[in-house]
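Chains as they are written, first to last, in my numbering: chain A, 472 to 631; chain G, 778 to 1585.
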């Protein structure tokens, strides 16, 4: 006799600046069958860019041209915002297409404990990239009561 | 008749001379089975020889200008001779325009043997159809897909190796490779975490230095690897392209190989096929598109690539046929030279080699092109383009706007096509002389003139041939059969049209008109054939349709608006005869000429000339008669007379010298005081020796005066005096001839002005005796006496005037 899975109440996507959102959306779609399900995006800010920018000798090498330039705090902030905007844009479009609501929150990785407030039962689902297994946050995630779904990066994401 | 002198009676023209009859029994319109059709060649041997000569001479410039009036069947003759000449030549080569793959704006001209052009075009269309299927099929092959995947896999491995080794190296040296949306940042790690400046400061100096050096070196390495990525990807594309070309070549070589074998004897075609093969292989990726994508107008259309292998056949001849004979009725620039068409695409006008169109020059290349010169000269740029083509011996198709530098859209410069052609220009004589005089290049290009005769001799043989010509034209036009008398009547009319009883007009249009109209009137009476009455009916109706102005003139004379006397006598007044020409119709009518004289210093004033209503020839006539007057009378004394001559009630221009005899008679009447008969009219020109000379329009002039006299009532006294030299031109209407036969009207023929004055006055003119004096009471004596009297008075008047001056 198997235990029946409860209906999905909330789907939380957790990403960092290094992840590809399209890879995760396929997994999200499977859990959004319930019209009442809520979609939450959590951006885990690990502060790596800010830290790198604080060093005077770090440089950003551009992918297209190969040209490098100083990586400053201003540039780190700009990059951070660009990533959030890009992820949010995709999720908003996805939520519109899926006719659901989208909530968004940025959490520093060291404050991952706040995820317990968002994911309280096995009616909730956390979708995260498989690379999270190698991050400090993984210990906190494993303690959550929700269902966990780790997604392997696609071929295209690896290539980029 | 009592007032007529015996000499005048002797000058009466016999009835038989008034109209040269064509006996119906001499007519035979049937042609023997072996006899050639005379329609186009009758009486034109000189022109025919000239045309044949021009067509046989191969050297440049031996083009021909056929001179002849409209309606002289010039086109039929030229067409017949050109086709004869064309039969001796083989059909010329075909010409195509093909894509110039190196420079598409300069399409190439490709020459193929006659009949091969259409075949080659069909072969290329079939090739394109096969390629459209074969190439996509080759790319859909599983082997091709596997090879592409293998190439992509190799590249991917290379790229991953590139990044993987860098990441590993960085990790070994304690450096993180962070991704940003646009690139990479290298940052130091401590315990697998990126550290900030404060944590960095806590590191040993040696470690700090090591980190800095690592980041510096790895950054350079990263830059180098990033730079190498496009090269790796480019290499992949090149390898895929090479694979595509290999696949395409394999598919195409088989198809093109068959064509190459077929055209192995035509090196130009083989060269072209080689180019096609190279281009297909070079553009192999363009052929893979099999379905129309959305917004297809925004993407490259593969059908345009296939279109570049089409063949634009601009000249197509049939193998084994003869050389072409082309008549271009509308010789506009595009119709002669050719044109480059455009198609509208997205608001722009585009063109390519497929839109090059040939003109008549290329269609007739290797043969004969017949053009009407007046139409050529009337169309902009055509004459210059024609000469340019003949001089350069090639046809260069370009738009006039480009020649003028006005081109506003993309256009082409097609390769010129070699030209080997005979041009036959057809036009009226004045155009030939105009071009000969004012166009210096004309003589170099049109070395042969073929001058068509307007008429032919009315010999027995020619009458028979002419009758056959009439028979042919009746047959060609499906007219009712003409009986012999009708044909004879038509022949008489042809002499009348030629204004010469001894010649026959070769103006075919007017002949056709008469035949068709006679046929019409025959059909109107439900007849099975055309008779003399139908010919007469046709003539009568034609005159009736056109004689409105003539009737107006006669009516004006009848109502004494235009003053013409047809009875009685008058001093210094004579009836002249003039012609009004309305183009297709002309008619004669009398005109009153008066002369006045008085003592003076020897001037004869032509009032028409003074008021600029007289033409040069008319003025010349008056001057000649003045000179004749001086020469004939009182040669030993100065001419002391002032005379003036005028065409009364003439308000238009007067031209010609045909009234000079009448003017001379009016002058003699005025000087002598002897009245002239008003029931006669006079025509003819006079020379300085008093000789009466022939004039034109003699039949219409006689008939014009006859019509007026008939309206007023013919009493046998009426008649005309004409030059004797005009007798051969008489082809008078039957009604006039009947009137003369019934002595209701007379026609006199004079050779000397003395004969005319005797007819007009009933008095002898008089000839000088041994003492060089005219007999008393003769006209000439009266004139001479009067002139001597004038001279004496003028001498006295002059002496008196001089004495007065002396006294004063």
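Positions of the beta carbon are idealized from the N, C-alpha and C atoms, including for glycine. These numbers were taken from a predicted model, which means no experiment stands behind them.
CB-CB under 7 Å to residue 1265(G), same chain, minus the five flanking residues each way: which ones, in chain order? 799, 800, 801 and 804
Buried or exposed: which applies to residue 1301(G), given that a residue is buried once 16 or more other Cβ atoms fall within 10 Å of its Cβ? exposed
Beta-bridge pairing of residue 1354(G) - partner residues as DSSP gives them: 1367(G)
For residue 608(A), decide whether its Cβ has a neighbour in chain G, counting only Cβ atoms nearer than 9 Å. no
Where residue 1424(G) sits in the DSSP three-state scheme: strand
What is the DSSP secondary structure of residue 1076(G), counted as helix, strand or coil? Because residue 1076(G) sits at a pLDDT of 49, beneath the cut-off of 50, its placement in the model cannot be relied upon, and the following sentence gives the value as read from the coordinates. Reduced to three states, the DSSP call for residue 1076(G) is coil.
So is residue 981(G) in contact with chain A if we call contact Cβ pairs under 9 Å? no
CA-to-CA distance, residue 1474(G) to residue 1448(G), given in whole angstroms: 30 Å
So what's residue 1375(G) in DSSP terms, helix, strand or just coil? strand
Beta carbon of residue 1403(G), beta carbon of residue 1530(G): below 9 Å? no
What residue does the beta strand (DSSP E) around residue 540(A) start on, and which one ends it? 539 to 541
Simplified DSSP state of residue 1081(G), which is helix, strand or coil: helix
What does residue 1223(G) pair with, by DSSP beta-bridge criteria? 839(G)
Nearest by alpha-carbon distance to residue 1386(G): which of 950(G), 1348(G) and 1427(G) is it? 1427(G)
Rounded to whole angstroms, what is the Cα-Cα separation between residue 1255(G) and residue 1371(G)? 55 Å
Cβ closer than 7 Å: which chain C residues qualify as neighbours of residue 523(A)? Of the protein chains in the structure, A and G, none is chain C.
Just tell me which of 1228(G), 1232(G) and 1311(G) has its CA closest to the CA of residue 1263(G). 1311(G)
Which bits of chain A does residue 996(G) rub up against, with CB to CB less than 7 Å? 530, 532 and 539
Looking only at its own chain, which residues have a Cβ that is under 6 Å from the Cβ of residue 1503(G), when we skip the five neighbours before and after it? 1471 and 1475
Within a Cβ cutoff of 6 Å, which residues of the same chain sit near residue 1497(G), ignoring the five residues on either side of it in sequence? 1458, 1479, 1482 and 1524
Is it buried or exposed, residue 1075(G), if we count other Cβ atoms within 10 angstroms and call 16 or more buried? Any reading at residue 1075(G) must be qualified, since the residue scores a pLDDT of 49, below 50, and its modelled position is unreliable; no value is offered.
Residue 965(G) in three-state terms, based on DSSP: strand
Under the assumption that residue 1542(G) contacts residue 1556(G) (Cβ atoms under 8 Å), give the Cβ distance between them as a whole number of angstroms. 5 Å
Residue 1217(G) - DSSP class collapsed to helix/strand/coil: coil
Chain G contact for residue 613(A) (CB, 9 Å cutoff): no
Burial state of residue 531(A), where buried means 16 or more other Cβ atoms lie within 10 Å: buried
In chain A, what lies closer than 7 Å to residue 959(G) by C-beta? 533 and 534
Does DSSP put residue 830(G) in a helix, in a strand, or in coil? helix
Neighbouring residues, chain G, relative to residue 519(A) (Cβ below 9 Å): 953, 955, 962, 964, 970 and 971
Nearest neighbour of residue 1545(G), chosen from 1536(G), 1561(G) and 1538(G) [CA to CA]: 1561(G)
Which bits of chain A does residue 989(G) rub up against, with CB to CB less than 8 Å? 528
Secondary structure of residue 865(G), DSSP reduced to three states: coil
Taking residue 542(A) as the query, report the chain G residues whose CB atoms sit under 7 Å from its CB, ordered along the chain. 962
Could you spell out where the alpha helix (DSSP H) holding residue 982(G) opens and where it closes? 982 to 1039
For residue 1207(G), does the count of other Cβ atoms within 10 angstroms reach 16, so buried, or fall short, so exposed? exposed
With a threshold of 9 Å between beta-carbons, can residue 557(A) be considered close to chain G, or not? yes
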